[in-house]
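Right, one structure below, let's go through it.
There are 4 protein chains.
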Amino acid sequence: MERIGVYFIGARGNVATTATVGATAIAQGRMPATGMVTDGPEFKGLPLVGLQDMVFGGADVSSTPLHEKASELGEARILPEKLAHELRAELAALDKQIHTVKGFAFGAVPEGGYLAELTRIEERLARFRSDHNLARVVVVNLCSTEPHFAETADFDTPEALLQALVKAGGGFCTGTLLGALAALRQGCAYVNFTPSQASELPALRKIARESRLPHAGKDGKTGETLLKTVLGPMFLARNLKVMSWVGNNFLGNNDGAVLDAPASKDSKLRQKDAALREMLGGAFVKTDIQYVPSLGDWKTAWDLIHFQGFLGTPMTMTFTWQGCDSALAAPLVLDLVRLTDLAWKRGESGLLAQLAPFFKNPLDGHTHDFHQQMAGLYAWVDTVRAEQARERK
Amino acid sequence: MERIGVYFIGARGNVATTATVGATAIAQGRMPATGMVTDGPEFKGLPLVGLQDMVFGGADVSSTPLHEKASELGEARILPEKLAHELRAELAALDKQIHTVKGFAFGAVPEGGYLAELTRIEERLARFRSDHNLARVVVVNLCSTEPHFAETADFDTPEALLQALVKAGGGFCTGTLLGALAALRQGCAYVNFTPSQASELPALRKIARESRLPHAGKDGKTGETLLKTVLGPMFLARNLKVMSWVGNNFLGNNDGAVLDAPASKDSKLRQKDAALREMLGGAFVKTDIQYVPSLGDWKTAWDLIHFQGFLGTPMTMTFTWQGCDSALAAPLVLDLVRLTDLAWKRGESGLLAQLAPFFKNPLDGHTHDFHQQMAGLYAWVDTVRAEQARERK
Amino acid sequence: MERIGVYFIGARGNVATTATVGATAIAQGRMPATGMVTDGPEFKGLPLVGLQDMVFGGADVSSTPLHEKASELGEARILPEKLAHELRAELAALDKQIHTVKGFAFGAVPEGGYLAELTRIEERLARFRSDHNLARVVVVNLCSTEPHFAETADFDTPEALLQALVKAGGGFCTGTLLGALAALRQGCAYVNFTPSQASELPALRKIARESRLPHAGKDGKTGETLLKTVLGPMFLARNLKVMSWVGNNFLGNNDGAVLDAPASKDSKLRQKDAALREMLGGAFVKTDIQYVPSLGDWKTAWDLIHFQGFLGTPMTMTFTWQGCDSALAAPLVLDLVRLTDLAWKRGESGLLAQLAPFFKNPLDGHTHDFHQQMAGLYAWVDTVRAEQARERK
Amino acid sequence: MERIGVYFIGARGNVATTATVGATAIAQGRMPATGMVTDGPEFKGLPLVGLQDMVFGGADVSSTPLHEKASELGEARILPEKLAHELRAELAALDKQIHTVKGFAFGAVPEGGYLAELTRIEERLARFRSDHNLARVVVVNLCSTEPHFAETADFDTPEALLQALVKAGGGFCTGTLLGALAALRQGCAYVNFTPSQASELPALRKIARESRLPHAGKDGKTGETLLKTVLGPMFLARNLKVMSWVGNNFLGNNDGAVLDAPASKDSKLRQKDAALREMLGGAFVKTDIQYVPSLGDWKTAWDLIHFQGFLGTPMTMTFTWQGCDSALAAPLVLDLVRLTDLAWKRGESGLLAQLAPFFKNPLDGHTHDFHQQMAGLYAWVDTVRAEQARERK
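Residue numbers (my numbering), protein chains in the order written: chain A, -11 to 381; chain B, -11 to 381; chain C, -11 to 381; chain D, -11 to 381.
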């Protein structure tokens, strides 16, 4: 059986750790695959890579080993404490496949300049593939959100980008961008689970297209935005006029701390609002994120929806969402790896539009409506099945 | 231009009054058609009956005239007080088209027996049509919920039903049932907006089929159940395991008072739960309705959804819905009249499956998923449009 | 140092187990005393019994040993899993001080009749005191709620009650009642933390008075009712007119299952409503409890308060309380033992009115207002302190 | 009977209009005094000024007449539309007692300089008193919140302040400050219902003391902060450890628009947070205000309280408050006038500490605990009553 590499940028973070623990536990039959979309009946029988055939690796700026991190997540009630304990040995072994790296802040320059950093990342990816004899490698970006930067002409073509990387004294490029570039240059598929800018830039799209590599993004749709894209279409379908939709997100994990910096917050909110703004036309839409340390990974969201019904009568809906962010994100990461790999095997490349329901800001997606996005994914599944049926004859 | 009769059983109730006031106000250009599904862009250009071509009539056990009732609704903030004032004369005129009738409680027998009552209803319907020279009449049931009864062999065929009506000393038939029977026997289309049993009974289905009449039902999906059928599919699509879904509805209008009687409550809850139970398999699903007088028509619902994510992590979603029941129901009633009439004009008869998204318990509908139901309605609209295009050539 | 016996009826239930684990952990300095009222600054320096001087014992119908129960509570996140693990040996030792007993349902008769059962309980209490050489014993009732019974003349005097116990063929007495009777007859103080009928009955009050024993009750005020007695006075103080107050409680523990039986539910709701009904005069007050298995010990309450402000303007407040019932109750049980013991040492007997803030239905308490009740408790503390100061001179 | 002047700075704003309409309606017996604290049984028989003996006047930058404003408030459901209609003539007459004035933004200088503006305000106050032959005048500040300024030495004494007013080219003084100064210099009592700086400044306190005038403030405690000061003490009393308390306020009235300007928002939030921060020690306390136009005067607040119980178990409480700000504030304004006037008649001057429960930031108040503050007010009432009793003998 061929083995697929799953390379996490941010491999010792909450989401990557939860995904790695979960994949291991499910592969061993210790746990059901609750929360994994591809475990649903609609996906039965598709030639998706099994969790036992995934090889996990990656890089992180943190040096806390995977098994320690898993224990921390157990204590924080993000995953079962017992499970972290039982898988300690496996996780310690997997931690050896994660490189501790130096990050660089936006604006700063990594050691030796951007190009040297790019080369280092590419070497690590190449070694990961050859060491484990992997058929294909999917790189998933799980880094903290980085500041938004302007899309200048430097990002228009691969050539312009490489020139800029050589010349620039700093200040125009992020770790996320280098990671995406390295992945595509090394023939890996790329999935951007964060709101940072990466494979949507013209230069990177071009490399993916020319190298016949699939990519997908961006910004995993896990909680409050998911609800917005489920409830928003309902108000539209019923012709109820949303006057205001105010979304408030409270969280206390590292992501929350990073988002407290105005630049990153702006980058994040840009995506969170986009869905509703497009859907609801003239409504007053506002989304806020606040850092509340005691909540940890348990994101609490409260949305207030003020709308008009028949003859202008004002009405109100509010919802409270108390979800564990990492436990919501991790299974989707595994789904994205499986679906990206399947598309790749079928010869698909460039942007995978069918993966829109997984993202807050689906690149090239033409709708934010979750149920329409799912209909698109199911239609693709039908195509794959029809193909399978033809081949079998 | 041909005129369409809209005959409300319960014509002086909150929903019928709001629908009548609204249709009048919108037809006069005083108000936008917010909350009417058929006012959405998807329905543009369809040959739907205009609100100005609807003639309103009906029957009610209440003798409070329509214009007084409208003022009451204005004071209760269900519709704009000013509007009730401005339309006073029109409403007083329309009230003349409403018959004050004697109702009969379940178990009781109307004056002269069931058959006499049936005849009286039929005569009123016939006169309404001839008096106003109506092309077609759509009868809409908006009565208070009636107790659920067992579907014996008496309801199997029109013949058996008529025999039973003649013979029975009482106790097996409701006003709603007689109304539906009268409507279909008089060649009217029938829409059941309540949870009471009516056109889904085999005897009535048969009459509709044989008389080539369309009918639809049952129980308008206005608030909490709408949300359930929008949110439930999201949990399924994401493979999140709902452990418990507890729905709590608080309301203070007449409907609430009637539902306080255990038999009617049971009838209502049967429909409200059905959607979720079918969708969520093994989940613990419970729905409750409580009468809280001070809330009046402002139904407040609070739902608690307790679900498991990845690796069994328990999470919670709650929502609060503060909607004005009549203001949510009234525009849907007008939509149902328009869509039923259009289907009728096209030659459709029997159960109109495309109207599923309007009902808590769509008869013969194969899904409770609101977005799937809407997809069904849009598909029907596409068919109608294609037909129109062919005809135009 | 003298040692105080704490005898739990229901010693292997959630609350008693949490209290025992907590007292042990706090006495060992492993945990702070968060949630214990008597740990607050207002109680500093009072001669309250230390947690290390409490000897725990009791009886239960369950035979699951204390250390196993503690592990279960750990997994259910009611107390830290790690703590249950670390205290395993101590808890196993403490479990030896708990008798596994046969209970008897309301209406049934225990083996040998009521009097035989009473004697057995008294013997157990006597042995507990002598075995551990205890200065005083406080019996705390933590049994599941029992059905409400009529207060006939049998409960008027100790003599009448004993006669009835001898003669009655069954059907008039509960385990809770026998427990309270045994406690007082054996010279123990008695605290009723449940809504069942016990020491408020005239016969038992008389025994307590004549034997100079303190008692307190009833029904621990832990969550939703606490909030009602804190928020209700605010609406009164501001002269805002509460129209409706609808309280909804959802829980999934054994208590919830027992409350699903209509008779027990009635007994419980009687107490929960009492506070608000008295306070809010004409308001529509309704309280409901529903059993939702997946919630376990995590009681979720949602209250809807509909009120009128200036010039009749209607407004709304809702709150959601997600509290762990046992973790809220356990520290109060320890507080009640300490405060009852201190009162006893001072020579107080009969009903302890100063303990009103701990109870949903304070016996003889003249107010349900929590802050007024606390003012009463603080006033008592001041008296004790003044006494201490006099003695020290 | 002596008549008392009530002079509103901001007399055509929402709160002042609602108070004026309400006082008129209640005095005429059209409406009960719901929401007025001094209408409660605790205040029965006190020699408080009757609403019929209040003469309303004031100033505003808006020229929309009182009766028009009242109609607007009626349409916005802040007060009964019908009432605005019925009192139209009275309100038009009362509007004549309101001066339309030019305001000046913080940093700007009024026409002719600060001193000229002060003189104009004083002349208006003097004329109001003499025109209506008023025994006493209470000036109430109801202006929009103004930016916070530094308390320099200019505010230390009346002399320093007057000198600064003469010399300063602008940028150190607000309209609110001049209003307070004018009031006290003209022998009026002063109540600051807003968070702006006024009578708490040393120079003004001195004038009040020396002129034997009472004053009170600041920032009316109407909704979310009221709840904080009711619920916060409960968590303290129960020794539950609040980890985070995040308050979110959404409103759409003029106050909301002004608060959208960062400087005013800062001034407001300073008061809102103070109460909880002081009470809850180390907790993470954060309060936010967001402008949501469609909500109008209907402030919606959502607070998230994350706390630890016994053995560290984390729990959550959230509340939603949907109150009409002006309808909550207006009756308190009338209460403050009555209680300030009564204190004045009794010879009290300087800061009225007994009025603490009415304010978010009670000047010189030693507690934020609402029930303790009310106990203080009731104690004062008892003193007044005792005095009355002595006098009567």
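Yeah, the Cβ is synthetic: ideal placement off N, Cα and C, and Gly gets one too. Keep in mind that this is a model prediction, so the values were computed, not measured.
Query	Result
Interface positions of the stretch 294 to 310 of chain C facing chain D (Cβ-Cβ less than 7 Å), listed along the chain	Gln296, Gly297, Phe298, Leu299, Gly300, Thr301, Met303, Thr304, Met305, Thr306, Phe307, Thr308, Trp309 and Gln310
DSSP bridge partner residues for Ile(-3) of chain D (one or two, in chain order)	D:Ala47 and D:Asn129
Ser132 of chain A versus A:Glu336, A:Leu330 and A:Asn2, residue with shortest Cα-Cα distance	A:Asn2
CB contact below 9 Å: Thr65 of chain A versus chain C	Rather than Thr, the amino acid found at residue 65 of chain A in this sequence is Arg. At least one chain C Cβ lies under 9 Å of Arg65 of chain A.
C-beta contact flag for Phe44 of chain D and Thr8 of chain D at 9 Å	yes
Span of the alpha helix (DSSP H), counted from its first residue to its last, around Lys57 of chain C	Leu54 to Glu63
Members of the stretch 218 to 238 of chain C that neighbour chain D once the beta carbon cut-off is set at 8 Å	Val218, Leu219, Pro221, Met222, Leu224, Ala225, Arg226, Asn227, Leu228 and Lys229
Nearest candidate by alpha-carbon position, reference Ala225 of chain C, set D:Arg378, D:His359 and D:Lys32	D:His359
DSSP bridge partner residues for Asn236 of chain D (one or two, in chain order)	D:Asp276 and D:Trp290
Coarse secondary structure for Asn242 of chain C, derived from DSSP in three states	helix
Residue from C:Thr306, C:Asp243, C:Tyr279 and C:Leu79 whose Cα sits closest to the Cα of Ser232 of chain C	C:Thr306
Nonlocal neighbours in the same chain, by C-beta distance under 7 Å from Glu69 of chain D, ignoring five residues either side	Gly62 and Glu63
Nearest residue (CA-CA) to Arg117 of chain C, options C:Met42, C:Val321, C:Trp332 and C:Asn242	C:Met42
Element boundaries [alpha helix (DSSP H), containing Thr304 of chain B]	No alpha helix (DSSP H) contains Thr304 of chain B, which is instead part of the beta strand (DSSP E) from Pro302 to Cys312.
For Tyr178 of chain A: DSSP bridge partner residues	A:Val127 and A:His203
For Gly220 of chain B, the residue or residues it bridges with in DSSP	DSSP lists no partner for Gly220 of chain B.
Neighbourhood of His87 of chain B by C-beta, 6 Å cutoff - its chain only, sequence neighbours within 5 removed	Ala47 and Arg112
Neighbourhood of Tyr366 of chain D by C-beta distance below 7 Å, restricted to the same chain and skipping five residues each side	Glu30
Same chain, Cβ closer than 6 Å to Pro319 of chain C, five either side skipped, listed in chain order	Gly23 and Met24
CB contact check: Lys253 of chain D to chain A, cutoff 9 Å	no
Every unbroken alpha helix (DSSP H) inside the stretch 71 to 141 of chain B [4 residues or more]	76 to 83 and 102 to 120
is_contact[Asp285 of chain A, chain G] using C-beta, thresh 9 Å	In the displayed structure, chain G is absent; the protein chains listed are A, B, C and D.
Short CB-CB distance (under 9 Å) between Glu384 of chain D and chain B	The requested residue 384 of chain D is not part of the displayed model; chain D covers only -11 to 381.
Closest residue to His120 of chain A among A:Tyr(-5), A:Gly163, A:Ala315 and A:Thr371 (Cα-Cα distance)	A:Tyr(-5)
Met267 of chain B classed as buried or exposed, judged by whether at least 16 other C-beta atoms fall within 10 angstroms	buried
Three or more C-beta pairs below 8 Å linking the stretch 233 to 243 of chain B and the stretch 285 to 293 of chain B	yes
Length of the line joining the Cα atoms of Leu122 of chain D and Arg(-9) of chain D	5 Å
Pair within 9 Å by beta-carbon distance, Thr164 of chain A and Gln151 of chain A	no
Met362 of chain B - containing alpha helix (DSSP H), residue span	Phe358 to Arg380
Within-9 Å CB hit, Gln360 of chain D to chain C	yes
Own chain residues within Cβ distance below 6 Å of Pro202 of chain D, not counting five before or after	Ala177, Thr328, Ala331, Trp332, Glu336, Ser337 and Leu340
Residue-chain proximity (Thr288 of chain B, chain C), Cβ-Cβ < 9 Å	yes
Within 9 Å, strictly: CB atoms of Gly208 of chain D and Ala317 of chain D	yes
Helix, strand or coil at Gln296 of chain D according to DSSP, with G and I counted as helix	strand
Arg334 of chain C beta carbon less than 9 Å from that of Val372 of chain C	yes
Chain B within 9 Å of Ser50 of chain C, Cβ atoms only	no
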